[in-house]
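Data first, discussion second: the structure below is written as structure tokens.
There are 2 protein chains.
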Amino acid sequence: MTAADTRQHIVQEADRLFYEQGFEATSLAHIAAAVQISRGNFYYHFRTKDEILDAVIIRRLDTTRAMLDRWQAEGGDALDRIFCFIDILVMNRAKIMAHGCPVGTLCGELAKLDHAAGSDAAQLFTLFRDWLAGQFAALGRRRDADALALHLLGRTQGVATLATAFRDETHIDREIADMRAWVRAQTA
Amino acid sequence: MTAADTRQHIVQEADRLFYEQGFEATSLAHIAAAVQISRGNFYYHFRTKDEILDAVIIRRLDTTRAMLDRWQAEGGDALDRIFCFIDILVMNRAKIMAHGCPVGTLCGELAKLDHAAGSDAAQLFTLFRDWLAGQFAALGRRRDADALALHLLGRTQGVATLATAFRDETHIDREIADMRAWVRAQTA
DNA sequence: GTCTATACCTCGATAGAC
DNA sequence: GTCTATCGAGGTATAGAC
Chain A
1 MTAADTRQHI
11 VQEADRLFYE
21 QGFEATSLAH
31 IAAAVQISRG
41 NFYYHFRTKD
51 EILDAVIIRR
61 LDTTRAMLDR
71 WQAEGGDALD
81 RIFCFIDILV
91 MNRAKIMAHG
101 CPVGTLCGEL
111 AKLDHAAGSD
121 AAQLFTLFRD
131 WLAGQFAALG
141 RRRDADALAL
151 HLLGRTQGVA
161 TLATAFRDET
171 HIDREIADMR
181 AWVRAQTA
Chain B
189 MTAADTRQHI
199 VQEADRLFYE
209 QGFEATSLAH
219 IAAAVQISRG
229 NFYYHFRTKD
239 EILDAVIIRR
249 LDTTRAMLDR
259 WQAEGGDALD
269 RIFCFIDILV
279 MNRAKIMAHG
289 CPVGTLCGEL
299 AKLDHAAGSD
309 AAQLFTLFRD
319 WLAGQFAALG
329 RRRDADALAL
339 HLLGRTQGVA
349 TLATAFRDET
359 HIDREIADMR
369 AWVRAQTA
């Protein structure tokens, strides 16, 4: 096992645990157990717990960018691409009901902790915001593209928050259908 | 200082700190310092930290019920009352940008902690949900009142989440105006 | 590069004086 | 009813053997 492999493994498991349990509630012992290394070994790869958080955020930024690029390359029109975004809620429904949106809950937790990495985490939202604005611009809504992007982003966050609290699948399905109809209405 | 006074004071400060910093990040030492009592004295009033959480949730349920009752008694129509609900976002804007929605963030944190009190915290949402459904029913939307209530509740949660992440006042104002227009359109 | 052992701190919680 | 003193567990982080 090279150092890079172990490091990547740590970041991957930390990413999952930070999402499932929260950043503060996840101890280095949890991560070490998941990666099957000792707690001491951890400090060969990272100097502090905050450094892991930074690495996790960078990892999420990378995977998010890759996902958006993939959607962009898949050859549909802007409407199809916005539906890809909404489909995140469909595909991750179970996880969202259990742990919320990975982006929204991380930003929320870091805000409460008054953590310096809060602005880095918010860049994850910015990635979606700018990408969505690009799609709405392509649909001929260049003037209010950013407002439309924020609106849709906010709708997904609201659905995720209520999904966690109520675990009401009917509500999720209805809101998703409503969002799709709203998007279609923007272009018509 | 009677025991009831001290207890009430503890719950009041715990309520504030749980909102500002989160439940887990707030230690008994924080609360004791805010109330200006010793850590030991704490255990005369509560046996565990979880018991404080229960008391905080009950306090929030009580103050929320009182607020909804006040709105109901204030003598406007259902449309005015729904606007009172939306105005929470206006009046608590600064706090929401700093710490999010007190209900949404508590439910989210307790879900990640897999905490038994999570369902109690969700009752705070249920209070708003049922009250809003009553208003929509009064507006002649009895058949889909609950769906409309959940939709509006979700919208406010989305705004709160993005407000914390972006601290973008323009976005908050725009979404509030949009929500008001949406409510008006439901009754027309 | 990974380990064991451990330092040091803060946490929730308890005991007992006043 | 409030205090001081303290316990044991578990947190982050470090030292040094292998």
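Just so you know, the sequences run in chain order A and B.
Heads up: the first sequence begins at 1 in our numbering, then just goes up one per residue.
Heads up: the second sequence begins at 189 in our numbering, then just goes up one per residue.
Backbone N, C-alpha and C fix where the C-beta goes; we use that ideal spot for every residue, glycine too.
Best match in the options for proximity to residue i [C-alpha to C-alpha]
i: residue 226 of chain B; options: B:210, B:275, B:331 and B:194; result: B:194
i: residue 327 of chain B; options: B:268, B:221 and B:190; result: B:268
i: residue 294 of chain B; options: B:192, B:191, B:204 and B:197; result: B:204
i: residue 218 of chain B; options: B:235, B:198 and B:292; result: B:198
i: residue 317 of chain B; options: B:207, B:299, B:332 and B:306; result: B:332
i: residue 189 of chain B; options: B:206, B:216 and B:229; result: B:229
i: residue 259 of chain B; options: B:323, B:215 and B:292; result: B:323
i: residue 161 of chain A; options: A:100, A:137, A:122 and A:83; result: A:100
i: residue 3 of chain A; options: A:57, A:46, A:108 and A:150; result: A:46
i: residue 102 of chain A; options: B:243, B:216 and B:296; result: B:296
i: residue 89 of chain A; options: A:153, A:137 and A:115; result: A:153
i: residue 12 of chain A; options: A:48, A:63, A:132 and A:43; result: A:63
i: residue 369 of chain B; options: B:345, B:313, B:271 and B:285; result: B:271
i: residue 376 of chain B; options: B:335, B:338, B:213 and B:329; result: B:329
i: residue 172 of chain A; options: A:53, A:127, A:117 and A:93; result: A:93
i: residue 26 of chain A; options: A:8, A:44 and A:52; result: A:52
i: residue 302 of chain B; options: A:98, A:110 and A:156; result: A:98
i: residue 28 of chain A; options: A:58, A:111 and A:48; result: A:48
i: residue 165 of chain A; options: B:362, B:305 and B:373; result: B:305
i: residue 279 of chain B; options: B:232, B:364, B:372 and B:315; result: B:364
i: residue 211 of chain B; options: A:85, A:66 and A:112; result: A:112
i: residue 358 of chain B; options: A:110, A:34, A:77 and A:147; result: A:147
i: residue 132 of chain A; options: A:120, A:21, A:86 and A:159; result: A:86
i: residue 243 of chain B; options: B:224, B:309 and B:221; result: B:309
i: residue 207 of chain B; options: B:266, B:284, B:254 and B:313; result: B:284
i: residue 178 of chain A; options: A:119, A:14 and A:156; result: A:156
i: residue 314 of chain B; options: A:163, A:123 and A:149; result: A:163
i: residue 209 of chain B; options: A:57, A:35 and A:110; result: A:110
i: residue 78 of chain A; options: A:57, A:66 and A:137; result: A:137
i: residue 232 of chain B; options: B:248, B:264 and B:196; result: B:196
Contacts that residue i makes with chain B (C-beta to C-beta distance below 7 Å)
i: residue 157 of chain A; result: 345, 346, 349 and 350
i: residue 115 of chain A; result: The premise fails here: residue 115 of chain A is roughly 10 Å from chain B at the closest Cβ pair, so nothing lies under 7 Å.
i: residue 174 of chain A; result: 335
i: residue 100 of chain A; result: 296 and 299
Contact list for residue i against chain A, beta-carbon separation under 8 Å
i: residue 313 of chain B; result: 162, 165 and 166
i: residue 310 of chain B; result: 165 and 166
i: residue 233 of chain B; result: Ordered by position in chain A, no residue passes the 8 Å Cβ test against residue 233 of chain B, which lies about 25 Å from the chain.
Neighbour list for residue i in chain B, Cβ cutoff strictly below 8 Å
i: residue 105 of chain A; result: 296 and 300
Can you pull out the residues from the region 195–219 of chain B whose beta carbon lies closer than 8 Å to at least one beta carbon of chain A? 208, 209, 210, 212 and 213
Would you mind listing the alpha helix (DSSP H) stretches within the region 273–302 of chain B that are 4+ residues and don't spill past its ends, in chain order? 281–287 and 290–300
Give the residues from the region 138–158 of chain A that approach chain B closer than 8 Å (Cβ to any Cβ), ordered along the chain. 147, 150, 151, 153, 154, 155, 156, 157 and 158
Please go through the region 44–76 of chain A and give each complete beta strand (DSSP E) segment of 3 or more residues, from N-terminal end onward. none
Going along the chain, which unbroken runs of the alpha helix (DSSP H) with 4 or more residues stay wholly within the region 316–355 of chain B? 333–354
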